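Quick mapping for you: the protein sequence lines, in order, are chains A and B.
No gaps in the numbering here: position 32 of the first sequence is 31 in numbering that gives the first Met the number 0, and each next residue is one more.
No gaps in the numbering here: position 45 of the second sequence is 44 in numbering that gives the first Met the number 0, and each next residue is one more.
Number of protein chains: 2
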Amino acid sequence: MRLSDEIAAYILRMMECADDGEAELRRNELAEELGCVPSQINYVLTSRFTPEQGYVIESRRGGGGYIRIRRVKLERGMSPLMHTVNAVGNSLNAATAQAIVQNLLYQQLISKSSARLMLAALSDQAYRDVPMEQRDLLRAALLKQMLTALIS
Amino acid sequence: MRLSDEIAAYILRMMECADDGEAELRRNELAEELGCVPSQINYVLTSRFTPEQGYVIESRRGGGGYIRIRRVKLERGMSPLMHTVNAVGNSLNAATAQAIVQNLLYQQLISKSSARLMLAALSDQAYRDVPMEQRDLLRAALLKQMLTALIS
DNA sequence: CCTCCGAAGGTAAATAATGGTCAAAGTCAG
DNA sequence: CTGACTTTGACCATTATTTACCTTCGGAGG
Chain A
0 MRLSDEIAAY ILRMMECADD GEAELRRNEL AEELGCVPSQ INYVLTSRFT PEQGYVIESR
60 RGGGGYIRIR RVKLERGMSP LMHTVNAVGN SLNAATAQAI VQNLLYQQLI SKSSARLMLA
120 ALSDQAYRDV PMEQRDLLRA ALLKQMLTAL IS
Chain B
0 MRLSDEIAAY ILRMMECADD GEAELRRNEL AEELGCVPSQ INYVLTSRFT PEQGYVIESR
60 RGGGGYIRIR RVKLERGMSP LMHTVNAVGN SLNAATAQAI VQNLLYQQLI SKSSARLMLA
120 ALSDQAYRDV PMEQRDLLRA ALLKQMLTAL IS
């Protein structure tokens, strides 16, 4: 079995055991326990615990730091929002983003103020400092991140 | 639990107990009671009781010195949000952004789901495609954009 | 009054404890 | 053999704690 799969399995197990379904871990500790370099933990997190797969990750550096993984995906019958998260690729232009949000609002899947917030965050207006080539990637990531946050 | 968190919790408790909602303490005394060096109290104050988080601190040195921590109350209505927009510079790190949003939520100026959305949009998680040097600029722009959207 | 001393609190730098990023090198299925 | 996925390691960023030294205030003595 691949190392990454073992790490993923380990984290999944941690989440099942916790009563709140969250896994909180210390990167270096876990890396040591599983015999891998610390950065491999990051690799596993970014490749297997993405918003598309229904996970939200928070972390803190520094003394007493941690990584927390939360699952928001409902096991079956994916929520409509989750469906959108999966439908969005890794790139998204402003017009499409706007259409998606407006559609979610129309379907009453999100509130009006949520829609306003999301439109503001997805419009090119705020991306002045982001290189053009990266804007659509950022937009896609932002939309997915925000929708995932709404579900949990 | 981190020492700093214990200190912060202790101070929060003091504020809750006081009828005026203020906490007044003597640095050395508190340090002794919590088993830390006095300057750690300052660290906690500057890292967790900042103006962004809605606190004001006064203190006096010398005999009979003290430290007083107060929560500032923002007026209701839209103006506090506008005030926040104006107060945010053109660069904003993740920790400060989080503190600002959490404070807005605490003061009931934004809803819980708005806070969640904003936190998701302001966390570094979604910025993987944005060069490090631009992240704080983007974050500031995003926060201002989103708050402005809430106002209008 | 004025000075000086002791009792506070303040600051900054060093150190420790974590997690994050990036790119080179390796692996493996097709 | 090639492209996607993995694994590693060097280097970076953030947060916490400790230590040494500095500043301010009030009052006792002169």
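C-beta atoms are modelled at their ideal positions from N, C-alpha and C, and glycine is treated no differently.
The model shown is predicted, which means the values in this text are computed figures rather than measured ones.
Practice item. For serine 113 of chain B, count neighbouring Cβ atoms within 10 angstroms of its own Cβ and tell me buried if that reaches 16, exposed if not. Key: Taking every protein chain shown into account, the CB of serine 113 of chain B has 16 or more other CB atoms within 10 angstroms, so this residue is buried.
Review point. Which residues bound the beta strand (DSSP E) around serine 58 of chain B?
Key: Start and end: 54–59.
Review point. Considering only residues of the same chain and omitting the five flanking positions on each side of valine 84 of chain A, which have a CB-CB separation below 7 Å?
Key: Here the set comprises Pro50, Glu51, Lys143, Leu146, Thr147.
Exercise for review: Can you tell me which of A/His82, A/Val43, A/Ala86 puts its alpha carbon nearest to the alpha carbon of arginine 1 of chain A?
Suggested key: Among A/His82, A/Val43, A/Ala86, the Cα nearest to that of arginine 1 of chain A is on A/Val43.
Point to revise | Inter-residue spacing [alpha-carbon to alpha-carbon] between glutamine 133 of chain A and proline 37 of chain B | key: Going from the Cα of glutamine 133 of chain A to the Cα of proline 37 of chain B covers about 47 Å.
Check your understanding: Where do the N-terminal and C-terminal ends of the beta strand (DSSP E) with alanine 17 of chain B fall, by residue?
Key -> That residue, alanine 17 of chain B, is in no beta strand (DSSP E); it is neither H nor E in DSSP.
Review point. Looking at arginine 70 of chain B and tyrosine 54 of chain B, is the spacing between their C-beta atoms short of 8 Å?
Key: Yes. Within cutoff.
Exercise for review: Identify, in the order they occur along the chain, each residue of the same chain with its Cβ nearer than 8 Å to the Cβ of cysteine 35 of chain A, setting aside the five sequence neighbours on each side.
Suggested key: Cβ within range, chain order: Leu2, Ile6.
Exercise for review: Report the neighbours of aspartate 19 of chain A on chain B: residues whose CB is nearer than 8 Å to its CB, in chain order.
Suggested key: Result: empty, since nearest Cβ-Cβ is about 17 Å, beyond 8 Å.
**Study point:** Cutoff 8 Å: methionine 13 of chain A Cβ touching any chain B Cβ
**Key:** Judged by the 8 Å Cβ criterion, methionine 13 of chain A is not in contact with chain B.
Review point. Which whole-angstrom value describes the C-beta separation of aspartate 128 of chain A and leucine 137 of chain B, a residue pair presumed to lie in contact below a C-beta threshold of 8 Å?
Key: About 6 Å separates the Cβ atoms of aspartate 128 of chain A and leucine 137 of chain B, confirming a contact at the 8 Å cut-off.
**Study point:** Helix, strand or coil at leucine 44 of chain B according to DSSP, with G and I counted as helix
**Key:** Helix, per DSSP.
Review point. Of all the residues that make up the segment 33–49 of chain B, which are near chain A by a beta-carbon distance shorter than 8 Å?
Key: From the segment 33–49 of chain B, no residue has a Cβ closer than 8 Å to chain A.
**Study point:** Chain-ordered chain A contacts of leucine 191 of chain B [CB-CB under 9 Å]
**Key:** Residue 191 of chain B cannot be examined here, being either before or after the span of chain B that is shown, 0 to 151.
Check your understanding: Cα-Cα, which of B/Met81, B/Ala93, B/Ala86 is closest to isoleucine 234 of chain B?
Key -> For chain B, the structure presents residues 0 to 151; residue 234 of chain B sits outside this window and is missing.
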